[in-house]
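So the sequences go chain by chain: P and L. As numbered in the UniProt record's numbering, residues 1 to 197 make up the first sequence, in order. As numbered in the UniProt record's numbering, residues 1 to 197 make up the second sequence, in order. Idealized CB from N, CA, C, for every residue including glycine. First comes the structure, then the notes that go with it.
Number of protein chains: 2
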Amino acid sequence: MPRVSQDHLAARRRQIVDGARTCFARFGYEGATVRRLEEATGLSRGAIFHHFKDKESLFLALAEDDATRMADVVAEQGLVQVMRDLLADPDRSRGHAPGVDWLGTRLEVSRRLRTDAEFRERWAQRSQQLTTATRARLQWQRDSGNLRDDVSVDVLTSYLELVLEGLVSHLAMGLPSGHLEAVLDVVEESVRRYRAR
Amino acid sequence: MPRVSQDHLAARRRQIVDGARTCFARFGYEGATVRRLEEATGLSRGAIFHHFKDKESLFLALAEDDATRMADVVAEQGLVQVMRDLLADPDRSRGHAPGVDWLGTRLEVSRRLRTDAEFRERWAQRSQQLTTATRARLQWQRDSGNLRDDVSVDVLTSYLELVLEGLVSHLAMGLPSGHLEAVLDVVEESVRRYRAR
Chain P
1 MPRVSQDHLA ARRRQIVDGA RTCFARFGYE GATVRRLEEA TGLSRGAIFH HFKDKESLFL
61 ALAEDDATRM ADVVAEQGLV QVMRDLLADP DRSRGHAPGV DWLGTRLEVS RRLRTDAEFR
121 ERWAQRSQQL TTATRARLQW QRDSGNLRDD VSVDVLTSYL ELVLEGLVSH LAMGLPSGHL
181 EAVLDVVEES VRRYRAR
Chain L
1 MPRVSQDHLA ARRRQIVDGA RTCFARFGYE GATVRRLEEA TGLSRGAIFH HFKDKESLFL
61 ALAEDDATRM ADVVAEQGLV QVMRDLLADP DRSRGHAPGV DWLGTRLEVS RRLRTDAEFR
121 ERWAQRSQQL TTATRARLQW QRDSGNLRDD VSVDVLTSYL ELVLEGLVSH LAMGLPSGHL
181 EAVLDVVEES VRRYRAR
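As structure tokens, this is what we get:
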């Protein structure tokens, strides 16, 4: 395939995924009708489903896209930084601004995981990369001597992922974020080798 | 009102709340139709709505009921114990067994908080008691010298509540609970005065 077509294909795919992200975040999975997906992406249903087999494939593609971006931040800065970014996002509370889209996707994933066993299986393969990135980052910190060494890296990975789940849920419920920065300090410190006191 | 009638009233109310809990946990708020509430409680709609103004009032009553029971455990044993109980519940994974009902209610609360501003306000008054019980318990531990004293009781309260949110979300998604007992050990220790090492 000539280079220009490949670029065009990738750009079109990006256009669809970005539009769909806003649409899913705003209307939820069921609420994101084909008509709304057309509006959000600026493309016809024919064009959309030329690139993605069906709505679920499109949804999984964007969820995977988000997971990849998160994994990149985790690799560089750790999972706590992902949580801090989430907390600091000034658009978060505005409802459907770009900043909230990741949260919306994530919530929709949570909801579907609860209700759809087949989706759970398809998702499991894709969500693995965030766990892998978190574990690798923690292992690197342990090797550098910064991580506590009385608890396994696997347990600390699960711990950070559990806090992330809580944070997503908390923010999505629109609960006040008053103490959360200080809470994340506690979380960060609790995986470190020494408490700062 | 004669004593016997009061007892009867309380028993009937309990019968409705307990039946409704199973029903909401199983079918969700919208799915818990009046017909299903009749089946679950073994009472007619007339009898049910003689005791509760409407479905929302019934739902809030049972959510409040759960919150009260949780607050009692928190007062005695702390919020981490509530989480350990949740984790240890052998019925949890069986879907709709009695043990899962609290989780179901809690999830339904989460979902409605996200989507219903009026509900959020009504709920805020009721959920306060769990926060209050958690804070009181932590304050008592601080006074006993067991709690870390470099972080405020309010922040530690928020921290524990955030972990609870994460746990509820995690379990509800049917994700593996492999490391979670060890994770709760990390959580418990991170609010203590000293790390056990």
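Outcome for residue i when other beta-carbon atoms lying within 10 angstroms are tallied against a minimum of 16
| i | result |
| --- | --- |
| residue 227 of chain L | Outside the displayed span of chain L (1 to 197) sits residue 227 of chain L, for which this structure offers no information. |
| residue 149 of chain L | exposed |
| residue 152 of chain L | exposed |
| residue 33 of chain L | exposed |
| residue 19 of chain P | buried |
| residue 35 of chain L | exposed |
| residue 31 of chain P | exposed |
| residue 6 of chain P | exposed |
| residue 3 of chain P | exposed |
| residue 69 of chain L | exposed |
Below-8 Å beta-carbon distance, residue i vs any chain B residue
| i | result |
| --- | --- |
| residue 85 of chain L | Among the chains of the structure shown, chain B does not appear; the protein chains present are P and L. |
CB contact check: residue i to chain L, cutoff 8 Å
| i | result |
| --- | --- |
| residue 130 of chain P | no |
| residue 169 of chain P | yes |
| residue 195 of chain P | yes |
| residue 158 of chain P | yes |
| residue 182 of chain P | yes |
| residue 172 of chain P | yes |
| residue 89 of chain P | no |
| residue 186 of chain P | yes |
| residue 154 of chain P | yes |
| residue 190 of chain P | yes |
| residue 3 of chain P | no |
| residue 137 of chain P | no |
| residue 79 of chain P | no |
| residue 126 of chain P | no |
C-alpha gap between residue i and residue j, whole angstroms
| i | j | result |
| --- | --- | --- |
| residue 43 of chain L | residue 23 of chain P | 42 Å |
| residue 37 of chain L | residue 123 of chain L | 21 Å |
| residue 25 of chain L | residue 12 of chain P | 42 Å |
| residue 82 of chain P | residue 125 of chain P | 21 Å |
| residue 134 of chain P | residue 41 of chain P | 32 Å |
| residue 54 of chain P | residue 45 of chain P | 10 Å |
| residue 51 of chain L | residue 8 of chain L | 12 Å |
| residue 199 of chain P | residue 182 of chain P | A question about residue 199 of chain P goes unanswered here, because the residues of chain P that appear run from 1 up to 197. |
| residue 184 of chain P | residue 21 of chain P | 27 Å |
| residue 98 of chain P | residue 14 of chain P | Bear in mind that the predicted position of residue 98 of chain P carries a pLDDT of just 39, short of 50, making it too unreliable to give a figure here. |
Unbroken alpha helix (DSSP H) run spanning residue i, endpoints
| i | result |
| --- | --- |
| residue 55 of chain P | 55 to 77 |
| residue 135 of chain P | 117 to 143 |
| residue 155 of chain L | 153 to 172 |
| residue 46 of chain L | 45 to 51 |
| residue 190 of chain L | 180 to 191 |
| residue 37 of chain P | 34 to 41 |
Beta-carbon proximity of residue i to residue j, cut-off 8 Å
| i | j | result |
| --- | --- | --- |
| residue 127 of chain P | residue 67 of chain P | yes |
| residue 63 of chain L | residue 109 of chain L | yes |
| residue 86 of chain P | residue 167 of chain P | yes |
| residue 84 of chain L | residue 146 of chain L | no |
| residue 142 of chain L | residue 173 of chain P | no |
| residue 130 of chain P | residue 88 of chain P | no |
| residue 190 of chain P | residue 169 of chain L | no |
| residue 186 of chain L | residue 179 of chain P | no |
| residue 80 of chain P | residue 188 of chain P | yes |
| residue 59 of chain L | residue 29 of chain L | yes |
CB contact below 8 Å: residue i versus chain P
| i | result |
| --- | --- |
| residue 165 of chain L | yes |
| residue 151 of chain L | yes |
| residue 57 of chain L | no |
| residue 110 of chain L | yes |
| residue 36 of chain L | no |
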